[in-house]
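To start, the structure itself, in structure tokens.
Residue numbers (this note's numbering): 1 to 276.
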């Protein structure tokens, strides 16, 4: 079960949109995906059609230790895509868990327990990917997500301040590696909201690729009206309009994520053989 956190402390860069639509695209390709909504706004839950009135249990209950992750899972309209929903209760979770020694590892423990449950049931379909949608800030919720994840996927808007925000995030990832999760890596950077009519956007793409090299995915997510409309209908854009440019871009991104995963696993296997 590979756990990827979708993070950027800057708001409005497409974190939730990427979580919803990358998760849907991975499910469409055949993966079994869990999206963990860790943002108090709950936009990922809303965007997947889960009404607030139907979120009796949420990730809040998991983080404070009153429910297991298995107990709060909800099916979505997307085959093979499951959601752990969020509620506004998450706004107060930091105060409730601040005194705990394991306060940064609450989500990690819940994910490990979920994986053990799935492994103990041979007939259960196991999640191959977990995508965690974070709030646009570097708080205890984001720290929990990074501590529980194998890698960080960074959505980056094609605009002037993108590189400044990226350097701050990279600094945060380094700090998390030193203190909470030594194996955390940058899975990749996905450039979002690309407008072909804007020459500045093309310059940002060139600058980010020059700065980060092959950490930047080849796929660029275009600015697309259908992507913006889909959440108001409680649907991922792939269900709302499969043929639009946004849907096609997220399918390409999902394929690229899987290809990178295969390369990482092959590299890890080679490393293990060399150590033996």
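Yeah, the Cβ is synthetic: ideal placement off N, Cα and C, and Gly gets one too.
Helix, strand or coil at residue i [DSSP, three-state]
| i | result |
| --- | --- |
| residue 30 | coil |
| residue 84 | strand |
| residue 212 | helix |
| residue 9 | coil |
| residue 231 | helix |
| residue 65 | coil |
| residue 204 | helix |
| residue 36 | strand |
| residue 46 | helix |
| residue 59 | helix |
| residue 239 | helix |
| residue 270 | helix |
| residue 41 | coil |
| residue 51 | coil |
Beta-carbon gap between residue i and residue j smaller than 8 Å
| i | j | result |
| --- | --- | --- |
| residue 288 | residue 2 | Given a span of 1 to 276 for the chain in the structure shown, any question on residue 288 remains unanswerable. |
| residue 243 | residue 134 | no |
| residue 132 | residue 36 | yes |
| residue 271 | residue 151 | no |
| residue 6 | residue 155 | yes |
| residue 230 | residue 240 | yes |
| residue 261 | residue 218 | no |
Identity of the residues DSSP links to residue i by a beta bridge
| i | result |
| --- | --- |
| residue 2 | 129 |
| residue 191 | 156 and 220 |
| residue 20 | None; residue 20 has no bridge partner. |
| residue 292 | Residue 292 lies beyond the range of the chain shown here (1 to 276); nothing can be said about it. |
| residue 185 | 151 |
Exposure label - residue i; buried when at least 16 CB within 10 Å
| i | result |
| --- | --- |
| residue 101 | exposed |
| residue 196 | exposed |
| residue 23 | buried |
| residue 142 | buried |
| residue 145 | buried |
| residue 225 | exposed |
| residue 77 | exposed |
| residue 161 | exposed |
| residue 267 | exposed |
| residue 188 | buried |
| residue 92 | exposed |
| residue 17 | buried |
Chain B within 8 Å of residue i, Cβ atoms only
| i | result |
| --- | --- |
| residue 170 | The structure shown contains no chain B; it is built from a single protein chain. |
Contiguous beta strand (DSSP E) assignments of at least 3 residues, all confined to the segment 92-179 | Listed in chain order, they are 129-133 and 151-157.
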